[in-house]
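To convert, note that position 15 of the sequence shown is 15 in my numbering; the numbers rise steadily by one, no gaps.
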Amino acid sequence: MKKKTDEFISFVIDRNEFLKNDIKKCLEYWMPDSPAPILLFSLVGKSIVKNLSFLNENEKLSLFQHIELGMTSDNEELAIAVATGLVESLVTASDANESVWKEIEYYLQVESKKHALAWKNFGQ
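In structure tokens form, the structure reads like this:
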């Protein structure tokens with residue numbers, strides 16, 4: 001799992017300075033240990049929501065494609081961490097701002113969107 005998580009996070013870090021800084025702070029906080037994957041992925045989702053307006057179109061497309069690849073990974077632990085950490089935090093962090101949620105919903109792909117909508121509508 002560690003290798004898949006590291007690869008996923010490296011992809012995110014390599015593509016955006018805002019996300020890189022947030023992840024770096026989290027990793028430094030937990031040193032010398034590593035944060036639980038779900039915690040780290042949750043932070044990534046919150047950071048995406050917080051910095052969405054700073055991402056250009058290509059960054060958004062690439063990032064949300066990567067989220068979809070994580071959701072559909074044959075590595076079950078990675079897929080679960082992406083779903084319950086990252087995707088669910090995208091929903092939760094954007095709950096207070098409908099326009100941000102609509103933009104996120106637009107970029108989400110099939111499986112990540114299905115999970116996000118199920119989480120958003122849970123209990124309603």
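Idealized CB from N, CA, C, for every residue including glycine.
Here the structure is a predicted model, which means the values were calculated and not measured.
Here residue 31 carries a coil assignment [DSSP, helix/strand/coil]. Per DSSP, the continuous alpha helix (DSSP H) segment holding residue 49 begins and ends at 37 to 51.
According to the DSSP assignment, residue 6 belongs to the alpha helix (DSSP H) that extends over 2 to 13. Taken through DSSP and simplified to helix, strand or coil, residue 122 comes out as coil.
Between residue 119 and residue 96, the alpha-carbon positions lie close to 15 Å from each other.
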